[in-house]
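>
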Amino acid sequence: MTDKASKRTLSIAKGTSMEEQPQRLVSEAYAHGPCSEMHQFDKEGNGELLSSTRVIQGLLSSKNPETKQARILLLGLDSAGKSTLLYKLKLAKDITTIPTIGFNVEMIELEKSLSLTVWDVGGQEKMRTVWEYYCENTDGLMYVVDSTDKQRLEDSRRELKHILKNEHIKNVPVVLLANKQDVPGALTAEDITRMFRVKKLCSDRNWYVQPCCAITGDGLMEGFRKLTGFVKSHMKSRGDTLAFFKQN
423 MTDKASKRTL SIAKGTSMEE QPQRLVSEAY AHGPCSEMHQ FDKEGNGELL SSTRVIQGLL
483 SSKNPETKQA RILLLGLDSA GKSTLLYKLK LAKDITTIPT IGFNVEMIEL EKSLSLTVWD
543 VGGQEKMRTV WEYYCENTDG LMYVVDSTDK QRLEDSRREL KHILKNEHIK NVPVVLLANK
603 QDVPGALTAE DITRMFRVKK LCSDRNWYVQ PCCAITGDGL MEGFRKLTGF VKSHMKSRGD
663 TLAFFKQN
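Here you go:
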């Protein structure tokens, strides 16, 4: 490890908060090579080290040596089912998850020309305060709603409204996943659209509300394909040039 990396590691390991170490850390962690460390946050919001080995392996796992890369932010309240649906789509099987304190990062390829690097950020109240630091360079937002948690729908709507104001995701396309549709009495996608006032919230961007079930996988592929289409159009409208990632 270089002296520079050692110093950066030390500052994070001491518990430096995100407010004191702004989004530069997120950018550095995303941009550095296999020897870097990434950070996550504990329940008190303090920084701690997270090995980037898994992330780098994911970034290099593309079967296509020349693939355009898109960064997707996966948000939603705690217990909405974010990690469950991410790994259902990634691994095509059920896994046992625990509340995410920090973030998970996985690469998903739905087509040869575009790979999605999905950042699944914890949804606990403490973590929501740092969502904004993960917004930089985001190409698409996937927002997961627990369609059975009617008591916290307003909280979820408020958090979505707040994050959409972030300058880094201005005009970035959004797909809402109305999760847990397998539960009797779950709100429909139409209900979520109306109650979240999505047409007004997302009037400046492409959006879609997809009903889904993270347990069975129903609707997940449709939701991610919809977002992929939006992202490609958004990147084209920005005049993005193709970014090619070549494996060693």
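Per our numbering, the very first residue in the sequence shown carries number 423; after that it's consecutive.
For every residue, glycine included, the Cβ atom is placed at its ideal position computed from N, Cα and C.
1) Which runs of the alpha helix (DSSP H) fall wholly inside the segment 550-589 and span at least 4 residues, in chain order?
2) Could you check which residue in Asn526, Tyr565, Gly639 has the C-alpha nearest to that of Leu499?
3) By DSSP, does Leu532 sit in helix, in strand, or in coil?
4) Pull up the distance between the alpha-carbon of Glu581 and that of Lys548, whole angstroms please.
5) With a CB to CB cut of under 6 Å and the five nearest residues on each side skipped, what residues in its chain are close to Glu531?
6) In chain order, what residues of the same chain have a beta carbon less than 7 Å from the beta carbon of Gly503, not counting five sequence neighbours either side?
7) Rounded to whole angstroms, what is the Cα-Cα separation between Arg660 and Gln491?
8) Determine the direct distance from the alpha carbon of Glu576 to that of Ser625, and round the result to whole angstroms.
9) In terms of residues, what are the limits of the beta strand (DSSP E) holding Ile494?
10) Three-state secondary structure (DSSP) at Val653?
11) Figure out for me which residue from His584, Glu528, Ile523 has the closest Cα to the Cα of Gln546.
12) Ordered along the chain, which non-local residues of its own chain (more than five positions away) have a Cβ less than 7 Å from that of Leu623?
13) How long is the line joining the alpha carbons of Arg616 and Ser578, rounded to whole angstroms?
14) In this structure, how does DSSP classify Ser537 when only helix, strand and coil are distinguished?
15) For Ser655, does the count of other Cβ atoms within 10 angstroms reach 16, so buried, or fall short, so exposed?
16) Taking DSSP as the reference, what is the three-state secondary structure of Val631?
17) Please name the residue or residues paired with Asp542 in a DSSP beta bridge.
18) Give me, in chain order, the residues of the same chain whose beta-carbon lies closer than 6 Å to that of Tyr509; leave out the 5 immediate sequence neighbours on both sides.
19) Check whether the Cβ atoms of Val597 and Lys648 lie closer than 8 Å to each other.
20) Measuring straight from C-alpha to C-alpha, what distance separates Thr560 and Asp542?
21) Quick test of your reading: Leu495 and Tyr555, contact by CB under 8 Å. State the CB separation rounded to the nearest angstrom.
22) Please list, in chain order, all residues of the same chain as Gly641 whose beta carbon is under 6 Å from its beta carbon, the five residues on each side excluded.
23) Between Trp553 and Pro595, how many whole angstroms is the CB-CB distance? I'm expecting something under 8 Å.
Taking the coordinates as given:
1) 575-585
2) For the purposes of this step, residue 499 is taken as residue 77 along the sequence shown, with counting starting at 1. When only C-alpha atoms are compared, the closest one is Tyr565.
3) Walking along the sequence shown from the start, residue 532 turns up at place 110. When secondary structure is reduced to three states using DSSP, Leu532 falls in the strand class.
4) Here the question's residue 581 lines up with position 159 in the sequence shown. Here the question's residue 548 lines up with position 126 in the sequence shown. Distance between the alpha carbons of Glu581 and Lys548 is about 12 Å.
5) Locating residue 531 in the sequence shown gives position 109, counting from the first residue. By the criterion of a C-beta distance shorter than 6 Å, Glu531 is surrounded in its chain by Ser537, once the five residues flanking it on both sides are discounted.
6) By one-based count along the sequence shown, residue 503 stands at place 81. The answer, listed in chain order, is Val566, Asp568, Asn601, Lys602, Ala636.
7) Position 238 of the sequence shown, counted from the start, is the residue given in the question as residue 660. Position 69 of the sequence shown, counted from the start, is the residue given in the question as residue 491. Rounded to the nearest angstrom, the two C-alpha atoms are 15 Å apart.
8) The sequence position of residue 625 within the sequence shown is 203, counting from 1. The sequence position of residue 576 within the sequence shown is 154, counting from 1. Rounded to whole angstroms, Ser625 to Glu576 spans 19 Å at the Cα level.
9) Locating residue 494 in the sequence shown gives position 72, counting from the first residue. Looking at the DSSP string, the run of the beta strand (DSSP E) that includes Ile494 is 490-497.
10) By one-based count along the sequence shown, residue 653 stands at place 231. It is helical.
11) Residue mapping note: residue 546 aligns to position 124 of the sequence shown, counting from 1. Per the Cα distances, Ile523.
12) Locating residue 623 in the sequence shown gives position 201, where the first residue counts as 1. Excluding five sequence positions before and after Leu623, the CB atoms of its chain that fall closer than 7 Å to its own CB belong to Leu582, Lys583, Leu586, given in chain order.
13) One-based indexing of the sequence shown puts residue 616 at position 194. One-based indexing of the sequence shown puts residue 578 at position 156. Going from the Cα of Arg616 to the Cα of Ser578 covers about 14 Å.
14) Your numbering for residue 537 matches position 115 in the sequence shown. Looking at Ser537 - three-state DSSP - the assignment turns out to be strand.
15) In the sequence shown, residue 655 corresponds to position 233, counting from 1. The residue in question, Ser655, is exposed, as its Cβ has fewer than 16 Cβ neighbours within 10 Å.
16) Walking along the sequence shown from the start, residue 631 turns up at place 209. Val631: strand per DSSP, three-state reduction.
17) For the purposes of this step, residue 542 is taken as the residue at position 120 of the sequence shown. Residue pairing from DSSP places Asp542 in a beta bridge opposite Leu496, Asn526.
18) Residue 509 sits at position 87 when you count from the first residue of the sequence shown. So the qualifying residues of the chain are Ile517.
19) Numbered from its first residue, the sequence shown carries residue 597 at position 175. Numbered from its first residue, the sequence shown carries residue 648 at position 226. Contact: yes.
20) For the purposes of this step, residue 560 is identified with residue 138 of the sequence shown, where counting begins at 1. For the purposes of this step, residue 542 is identified with residue 120 of the sequence shown, where counting begins at 1. One C-alpha to the other measures close to 12 Å.
21) As a position in the sequence shown, residue 495 is number 73, starting the count at 1. As a position in the sequence shown, residue 555 is number 133, starting the count at 1. Rounded, the Cβ-Cβ distance is 11 Å, inconsistent with contact.
22) The count along the sequence shown starts at 1 and reaches residue 641 at position 219. Excluding residues within five positions, the ones whose Cβ falls inside 6 Å are Gln632, Pro633, Cys634.
23) Translated into positions along the sequence shown, residue 553 becomes position 131. Translated into positions along the sequence shown, residue 595 becomes position 173. About 17 Å separates the two Cβ atoms, so there is no contact after all.
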